[in-house]
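Here the structure is laid out as structure tokens; the discussion comes afterwards.
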Amino acid sequence: TKGRRHINHRELGITPLLFIRTSKRDERGETMPYLFLGAADYVRHEGARPMNVIWRLRTPIPSDYLRLTRMVS
Numbered sequence: 042t043k044g045r046r047h048i049n050h051r052e053l054g055i056t057p058l059l060f061i062r063t064s065k066r067d068e069r070g071e072t073m074p075y076l077f078l079g080a081a082d083y084v085r086h087e088g089a090r091p092m093n094v095i096w097r098l099r100t101p102i103p104s105d106y107l108r109l110t111r112m113v114s
């Protein structure tokens, strides 16, 4: 299953890559782009269907993007 693939990604040789965006669409209705945050490693999960996965990024989130997301939220 996909859940097991996330949990066992290291053993399977899979590198999860995380992408985020602040919203689906901008004020004009245009689709917002994703920002690549980098490779991540599984930490833990909660629940099942849906499964909430906690990841640890291998590199810190850029401070400029953290500031932007604080202004949006």
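For the sequence shown, our numbering begins at 42 and goes up steadily by one. Backbone N, C-alpha and C define an ideal beta-carbon position, used for all residues, glycine too. No experiment lies behind these values; they were computed from the predicted model shown.
- In the structure shown, Y75 falls within a coil segment according to DSSP collapsed to helix, strand and coil.
- The shortest C-alpha to C-alpha distance from T63 to any of G54, E52 and L78 is the one to L78.
- With a contact defined as Cβ atoms closer than 8 angstroms, I55 and Y75 miss out at about 19 angstroms.
- One Cα belongs to H50, the other to V94, and the distance between them is close to 12 angstroms.
- Listed in chain order, the alpha helix (DSSP H) elements of length 4 or more contained wholly in the segment 44 to 88 are 50 to 53.
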